[in-house]
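Quick note, the working numbering runs 204 ahead of the 1-based positions in the sequence shown.
Beta carbons: idealized from backbone N, C-alpha and C, even for Gly.
Reading through the structure tokens given below for one structure.
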Amino acid sequence: MRPLLSLFALAILLVFFFSSYGPDDSQTVISHHPADWVIEKGTGQKGIYIFQLKQWLPKSRVKEMLAQSSQVNRVAFYSLRRVEDFTASAPGTDLKHHIVNSYLVGYQPFRAKNPWIPWQTLARKKTYQLDKMTNKGRADIWQTSRQAYKYTRGDCEDHAIALTDWLISMGLDARVAIGTYKGTGHAWVVLLKGGKTFILEATQKSGLKQMTKLPLAKQTPGYFPRYQFNRMHFWKNTGSAATYNYSSS
């Protein structure tokens, strides 16, 4: 049975002052400024714009929000008035919570023109390992895209963050998707290219060289997305869980 198409509601836009990198303007809804809410840089940020409320959440409120999640050892979601889950944060290697978009720090290990190159490179370079095996039993620790390329081990979020940021640096519309795969919590990469949607399983370690085409989302069952994000935006799935439509409303 063909899955029902869902609409991803665009929840937030992060806008900051100019810096040396950022996604192309087509990804910017409100402002044409590059968005750089990054852990590795102390750039001044204006805050979070919540589209449904048509208002900014100022920098001071964002800091308070993250501080309240300091003891949460997993991904935290935030709501304001009638808007549920307008953004999310996760603990980093510094054990502090950061907005999930900030883990995409604009890191490109080297230039590539073909999306297969980053995918195959990470498959060879990085080993899949659960966070609790490497982070003193902590269930969820996220690596930035730079760290994820440098460190040889990491879980699904780390793989997806590294690959997504690399693809964005290539000028592609790539996003980290968060949801479940075959009933288990998971993160993967979504690539929107040429009017088609592809799923790139960043943790896949074999069979990539035998592939002749990127896997279409509609031909890749088992993935149930709840959220997705890039450097600037955060989306929430407001339709069917069993969807292969990752386009925003």
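- Three or more beta-carbon pairs separated by less than 8 Å are not found between the stretch 283 to 290 and the stretch 373 to 382, which leaves the two stretches without contact.
- For L412 against A327, the beta-carbon gap comes to about 6 Å, under 8 Å, which counts as contact.
- Straight-line spacing of the CA atoms in A271 and F433 works out to 22 Å.
- Residue burial is scored here from C-beta neighbours: G310 has at least 16 other C-beta atoms within 10 angstroms and is therefore classed as buried.
- L371 places its beta carbon less than 9 Å from that of P319.
- E405: not part of any beta strand (DSSP E); DSSP gives it neither H nor E.
- The way I'd put it, the stretch 342 to 361 doesn't touch the stretch 394 to 404; fewer than three beta-carbon pairs between them come closer than 8 Å.
- Remark: C-beta atoms of R315 and T384 do not approach each other more closely than 9 Å.
- Here the alpha carbon of F290 sits roughly 11 Å from the alpha carbon of A280.
- Beta-bridge annotation (DSSP): H390 is paired with G383.
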